[in-house]
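Chemist: 3 is the number of the first residue of the first sequence in this note's numbering; add one for each residue after it.
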Amino acid sequence: MKLKFMPIDYDYFDFEGGNYVWMIGRDGKGEKICVVDSYDSNFWIILKKEFEGDASKVVEKIKNVKFERDSRTSEVLNTKVVEKNFLGHKVKAIQVFVTNHKDAHAIASEIGDMKEIENRREYDVPLISKYIKEKDILPLQWYEIEVENLGVDDLGGFGEGFSLKKIFRLKSSKKIEGPDFLPLILAYDIETEGMDATKSSVLSISLYSKGYKKVLTWKKCKGAPDYVETLKNEGEMIEKFVEEVHKFDPDILVGYFSDGFDLPFLKTAADREKVDFNLGLDGKDPKFSRGRIPVGKIAGIVHVDAYRFIRSVFAQYMQSETLGLNDVAKELVGEEKEDFDFKKLANMKDSDWKELFSYNLQDSKITYDLTQKILPDLYEFTKITKEPLFDTCRASMSSHVESYLIHNLDKFNEIIEKKPIGNDIGERRSYGKYEGAFVMEPIPGLYENIVMFDFTSMYASVIVTYNLSKSTFNGKEFSKDEGFFPILLKDLIEKRKAAKKEFAKDSSAMAKARSNAYKLLANASYGYQGFFGARYYSREAAAATAKMARENIHAAMKKIKDSGYKIIYSDTDSIAFLQDGKKDSQILELLEEVNKKLPGIMELDLEDFYSRGIFVTPRSGIGGAKKKYALIDRKGKLKIRGFETVRRDWCTLTRRLQSQILEKILKDGKIEGSVELLKKVVKDLKNRKIALSDLMIRTQIKKGVSDYLSTGPHVVAAKKMMERGEKVTSGMLIYYFIGEVNGKTKRIGDKVFLPDEKADYNIDYYLNNQVLPAVENIFDVFGVDVREILDGGKNSTLSDFK
DNA sequence: GGAGTTCGCATACC
DNA sequence: ACAGGTATGCGAACTCC
3 MKLKFMPIDY DYFDFEGGNY VWMIGRDGKG EKICVVDSYD SNFWIILKKE FEGDASKVVE
63 KIKNVKFERD SRTSEVLNTK VVEKNFLGHK VKAIQVFVTN HKDAHAIASE IGDMKEIENR
123 REYDVPLISK YIKEKDILPL QWYEIEVENL GVDDLGGFGE GFSLKKIFRL KSSKKIEGPD
183 FLPLILAYDI ETEGMDATKS SVLSISLYSK GYKKVLTWKK CKGAPDYVET LKNEGEMIEK
243 FVEEVHKFDP DILVGYFSDG FDLPFLKTAA DREKVDFNLG LDGKDPKFSR GRIPVGKIAG
303 IVHVDAYRFI RSVFAQYMQS ETLGLNDVAK ELVGEEKEDF DFKKLANMKD SDWKELFSYN
363 LQDSKITYDL TQKILPDLYE FTKITKEPLF DTCRASMSSH VESYLIHNLD KFNEIIEKKP
423 IGNDIGERRS YGKYEGAFVM EPIPGLYENI VMFDFTSMYA SVIVTYNLSK STFNGKEFSK
483 DEGFFPILLK DLIEKRKAAK KEFAKDSSAM AKARSNAYKL LANASYGYQG FFGARYYSRE
543 AAAATAKMAR ENIHAAMKKI KDSGYKIIYS DTDSIAFLQD GKKDSQILEL LEEVNKKLPG
603 IMELDLEDFY SRGIFVTPRS GIGGAKKKYA LIDRKGKLKI RGFETVRRDW CTLTRRLQSQ
663 ILEKILKDGK IEGSVELLKK VVKDLKNRKI ALSDLMIRTQ IKKGVSDYLS TGPHVVAAKK
723 MMERGEKVTS GMLIYYFIGE VNGKTKRIGD KVFLPDEKAD YNIDYYLNNQ VLPAVENIFD
783 VFGVDVREIL DGGKNSTLSD FK
């Protein structure tokens, strides 16, 4: 029987000691089907140069290797001697086929360090990755497949318990063209009494999709809206949730932080209430793998935690100050959470329940909208890195790069390098840092008409231009023969260029996502080579990349300088200089001139023209501060970098005042008027007119409270919270303000108050440790001494300012 | 016990 | 631990007399 098939989700199981892969996907009619295929687990043995002629001898020695574990016998089934490449060199290798992939590593060890063997490889590559690579059955691509029905008793009754009835055994497959995949997405969110699932109940569960909304609860509430369905108790509510998900039959079930909260909470609650939580299409419960954050896998439905993908792929390019649902949804889709005061939970009226249900539903709705927004990116990452959607949405940037490499190595007939283990990591980390980017110290001042050039994907183009990678380094220098890493990176850069052009033409979300995915992968590839956990780690390549980047930026700076321009700033891949009355066209000519001299694929680009910019001294008062400046472009749009305005650990009052002053200066080109802005704030501060919310300081707690060597104010605040019985977890933002206390104390930590504590704010602190430090250096550029103006020449007592 | 310095920490830039 | 190094700047903790 022939079918069209697009795999979405992959998993595997054992039968009679061997490995089988099962895929859930859609057929040509859009129906969900399951396709089962066998997988022949294998790894590689690479022979030493001098023993290449002894391949058959080695085969003879290893073909009887057996390994027993957990009443399972694994053995070598077959071998194949093949000419391969490894790290760019031709090698003679033996592909060793074994019974079970779980034992591949053990068998590789069992074979041991024979004198003929140089290396053993690929036993550490996950089964699904190997399957996708070797059988070339890629996620989210269409195939024409030849299948036969899988009988009920086949493969040990594999299909037993499946709610999905169409289960096939794969005979052959052929890649074909097909329409883009529009997955059916269902978002969910839960509200609970507390944080401990063994004790606290789930109060309600919301579900949302296009044309579908539902809130399940067991809390009685008069006059609840139609979308609310009230069940008898918590257990029945959870059962109903499972039923609703199965009825809706989504490709993707998505939550926000649902790996870490919603799914495990529901599972624990289901166990506590002794009801089934068989969400999987195989009739089983979600599986949770151990790790820092648990991962919830539902068989046949891709469980997506939108938070994880956003954090690893988008976070560094986003403006949001937290990665909470509210901030992220506001930035990406312009929607916000509703308000609900959780203190009310202790005593809920009907109207409060209605509010909670609405709040619950809104969370699912914005999670759904957010998922629609990031879906093109998720889709492109999946296609480019060729890993299943489930893994793509959870993978770190380094593993995206690595997947991209691994799945493209066949073009180079290349065996995959191993992951570092135990000692390797310690050793790699012990080398310490290498020299990185060049940052020029600016001269503080207000500048007019500034041009900014920057290199496009500088580090990636350096790697390609100079052929810098693990396999092209011979211990001393980098070979001229192009290595697979630079070639694949060059491919990424070219594809990115093409995608960018395509986007300029059709401007679809998908075209944009394609361009974005290529760019992100290319930009992460430099960090990947310097990352101790990388298979293709090369400290030499990373250090050389930084070095050649420095050389190139210096050469470009010299060219610009020699053409008569004054450079005012440079950081890593950008150069800012004064236009100095020259026409725009002359600047573009200069750009072309510089570009002519650049080696390889390196390219300098015009970032923008700015009408003004300000650079300040650092707090030490010596020279100019790096990574701290504000520019205004010709359209009047501000670009503020490094200033307190863009730092979330400064209070709103300070940030707002500083940004107002920067804006005024950059728009007017003079300091006049800014003193008044400051005076007003100081006056309000002294008269206690400032709202406490504008004085709240937010700092992230990044480890366990007891692990701190130095007890900063936010640690003091966290301790206070714990004393009250509030939960403090590492990674959360701690809010506090500095208040007045009696008695002598030096430590600011002794004046820390939590947001709801009753205390007067500390005028002296907010004046001398917040507002003034943030604006002083800006005024200083204009020769204005703020403290002198504020207290009329006296010290900073400011007593005459009421 | 105060002044000066170093260190730990969070956050930003690219 | 889950890409890298370069920077600012606070506040606590230390050193020194």
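For every residue, glycine included, the Cβ atom is placed at its ideal position computed from N, Cα and C.
Under 8 Å between the Cβ atoms of residue 491 and residue 520?
Modeler: The sequence position of residue 491 within the first sequence is 489, counting from 1. The sequence position of residue 520 within the first sequence is 518, counting from 1. Not in contact: residue 491 and residue 520 (Cβ atoms no closer than 8 Å).
Chemist: Per DSSP, residue 763 forms a beta bridge with which residues?
Modeler: Within the first sequence, the letter at position 761 stands for residue 763. DSSP output for residue 763 lists 741 as bridge partner(s).
Chemist: Would you mind giving the Cβ-Cβ distance between residue 195 and residue 205, rounded to the nearest angstrom? I have them listed as a contact below 8 Å.
Modeler: Within the first sequence, residue 195 is the residue found at index 193, counting from 1. Within the first sequence, residue 205 is the residue found at index 203, counting from 1. Yes, they are in contact, since the Cβ atoms of residue 195 and residue 205 sit about 6 Å apart, within 8 Å.
Chemist: Near residue 95, which residues of its chain fall below 8 Å by C-beta distance, leaving aside the five closest residues on each side in sequence?
Modeler: As a first step, residue 95 is located in the first sequence; it is residue number 93 there, counting from the start. If we look at residue 95 and ignore the five residues flanking it on each side, its Cβ neighbours are 46, 47, 48, 49, 83, 84, 85, 86, 88, 417.
Chemist: Expressed to the nearest angstrom, what Euclidean distance is found between the alpha-carbon atoms of residue 190 and residue 759?
Modeler: As a position in the first sequence, residue 190 is number 188, starting the count at 1. As a position in the first sequence, residue 759 is number 757, starting the count at 1. So the alpha carbons of these two residues sit roughly 35 Å apart.
Chemist: I'd like to know whether the C-beta atoms of residue 269 and residue 246 end up nearer to each other than 8 Å.
Modeler: Position 267 of the first sequence, counted from the first residue, corresponds to residue 269. Position 244 of the first sequence, counted from the first residue, corresponds to residue 246. In this structure, residue 246 does not lie closer than 8 Å to residue 269 by Cβ.
Chemist: Does the segment 689-701 come close enough to the segment 719-739 to have 3 or more Cβ pairs within less than 8 Å?
Modeler: Flag = yes, the segment 689-701 and the segment 719-739 touch.
Chemist: Do three or more CB pairs link the segment 97-108 to the segment 70-78 at distances below 8 Å?
Modeler: Result yes; three or more Cβ-Cβ pairs closer than 8 Å.
Chemist: Please state whether DSSP places residue 553 in a helix, a strand or coil.
Modeler: Locating residue 553 in the first sequence gives position 551, where the first residue counts as 1. The answer is helix: DSSP assigns residue 553 an H, G or I state.
Chemist: Hey, residue 546 and residue 468: beta-carbon distance below 8 Å or not?
Modeler: On the first sequence, position 544 is the one that residue 546 refers to. On the first sequence, position 466 is the one that residue 468 refers to. Going by C-beta atoms, residue 546 is nearer than 8 Å to residue 468.
Chemist: If you draw a straight line from the C-alpha of residue 580 to the C-alpha of residue 779, how long is it?
Modeler: As a first step, residue 580 is located in the first sequence; it is residue number 578 there, counting from the start. As a first step, residue 779 is located in the first sequence; it is residue number 777 there, counting from the start. Between residue 580 and residue 779, the C-alpha separation is close to 22 Å.
Chemist: Specify whether the segment 221-237 and the segment 349-367 touch according to this definition: at least 3 beta carbon pairs, one from each stretch, less than 8 Å apart.
Modeler: Verdict: yes, contact present.
Chemist: Tell me, which residues are paired with residue 810 by DSSP?
Modeler: Outside the shown range of the chain (3 to 804) lies residue 810, about which nothing can therefore be said.
Chemist: Between the segment 4-17 and the segment 153-170, can you find at least three pairs of beta-carbon atoms closer than 8 Å?
Modeler: Touching, yes.
Chemist: Taking the alpha helix (DSSP H) that residue 159 falls in, what are its first and last residues?
Modeler: In the first sequence, counting from the first residue as 1, residue 159 sits at position 157. From DSSP, the alpha helix (DSSP H) with residue 159 extends over 156-159.
Chemist: Could you tell me which residues DSSP puts in a beta bridge with residue 46?
Modeler: The residue given as residue 46 occupies position 44 in the first sequence. Note: residue 46 sits in a beta bridge opposite 97, 123.
Chemist: For residue 325, which residues in the same chain have their Cβ closer than 8 Å to its Cβ, ignoring the five residues on either side in sequence?
Modeler: Locating residue 325 in the first sequence gives position 323, where the first residue counts as 1. Once the five neighbours on either side are set aside, the close Cβ partners of residue 325 are 309, 312, 313, 317.
Chemist: Three Cβ pairs or more, each shorter than 8 Å: is that satisfied between the segment 435-443 and the segment 556-576?
Modeler: Touching, yes.
Chemist: Straight-line CA distance for residue 141 to residue 304?
Modeler: Mapped onto the first sequence, residue 141 falls at position 139. Mapped onto the first sequence, residue 304 falls at position 302. If you take the alpha carbons of residue 141 and residue 304, they lie about 12 Å apart.
Chemist: For residue 551, is the classification buried or exposed, using 16 other Cβ atoms within 10 angstroms of its Cβ as the cut-off for buried?
Modeler: Start at 1 with the first residue of the first sequence, and residue 551 comes out as number 549. By the 10 Å Cβ count, residue 551 comes out buried.
Chemist: Within the chosen definition, does the segment 398-414 reach the segment 244-262 through at least 3 CB pairs nearer than 8 Å?
Modeler: The answer is no - the segment 244-262 does not touch the segment 398-414, with fewer than three Cβ pairs under 8 Å.
Chemist: Quick one: what's got a C-beta closer than 6 Å to residue 186's C-beta in the same chain, skipping five residues either side?
Modeler: Sequence index remark: in the first sequence, residue 186 carries index 184 (1-based). So the qualifying residues of the chain are 252, 253.
Chemist: Under 8 Å: do the segment 354-374 and the segment 112-124 share three or more Cβ pairs, one atom per stretch?
Modeler: No, they do not touch.
Chemist: Can you tell me which of the three DSSP states residue 222 falls into?
Modeler: For the purposes of this step, residue 222 is taken as residue 220 along the first sequence, with counting starting at 1. In this structure, residue 222 counts as coil in the three-state DSSP scheme.
Chemist: Sorted by chain position, which residues of the same chain lie with C-beta nearer than 8 Å to residue 659's C-beta, five sequence neighbours on each side aside?
Modeler: Numbered from its first residue, the first sequence carries residue 659 at position 657. The answer, listed in chain order, is 679, 680, 683, 773, 776, 777.
Chemist: Can you list, in chain order, the residues of its chain with a C-beta nearer than 7 Å to that of residue 528? Leave out the 5 residues immediately preceding and following it.
Modeler: Start at 1 with the first residue of the first sequence, and residue 528 comes out as number 526. Once the five neighbours on either side are set aside, the close Cβ partners of residue 528 are 461, 462, 465, 544, 547.
Chemist: Count the other CB atoms within 10 Å of the CB of residue 133; is the residue buried (16 or more) or exposed (fewer)?
Modeler: Translated into the one-based positions of the first sequence, residue 133 becomes position 131. Buried, because 16 or more other Cβ atoms sit within 10 Å of the Cβ of residue 133.
Chemist: Considering residue 721, what are the terminal residues of the alpha helix (DSSP H) in which it resides?
Modeler: Counting from one through the first sequence, the residue named residue 721 turns up at place 719. Where residue 721 is concerned, the enclosing alpha helix (DSSP H) stretches over 715-725.
Chemist: From what residue to what residue does the alpha helix (DSSP H) around residue 378 run?
Modeler: What you label residue 378 is simply residue 376 of the first sequence in a count that begins at 1. Start and end: 352-387.
Chemist: Following a CB-centred definition, is residue 693 positioned closer than 7 Å to any heavy atom of the ligand NAD?
Modeler: In terms of ligand content, the structure shown is empty, and the ligand NAD therefore cannot be addressed.
Chemist: Expressed to the nearest angstrom, what Euclidean distance is found between the alpha-carbon atoms of residue 213 and residue 670?
Modeler: Position 211 of the first sequence, counted from the start, is the residue given in the question as residue 213. Position 668 of the first sequence, counted from the start, is the residue given in the question as residue 670. Taking the straight line from one Cα to the other gives about 51 Å.
Chemist: Looking at the secondary structure, which residues open and close the alpha helix (DSSP H) in which residue 654 lies?
Modeler: For the purposes of this step, residue 654 is taken as the residue at position 652 of the first sequence. Element bounds for residue 654: 654-670.
Chemist: Taking residue 240 as the reference, which of 277, 264, 211 has the closest Cα?
Modeler: In the first sequence, the residue the question calls residue 240 occupies position 238. Minimum Cα distance to residue 240 is reached at 277.
Chemist: By the three-class DSSP mapping on this structure, what secondary structure does residue 735 have?
Modeler: By 1-based counting over the first sequence, the position of residue 735 is 733. Note: residue 735 maps to strand in three-state DSSP.
Chemist: Across which residues does DSSP place residue 454 in a beta bridge pair?
Modeler: As a working note, residue 454 is residue 452 in the first sequence. DSSP output for residue 454 lists 578, 610 as bridge partner(s).
Chemist: Go ahead and label residue 716 buried or exposed: buried means 16 or more other beta carbons lie within 10 angstroms of its beta carbon, across all protein chains shown.
Modeler: Locating residue 716 in the first sequence gives position 714, where the first residue counts as 1. Flag for residue 716 reads buried.
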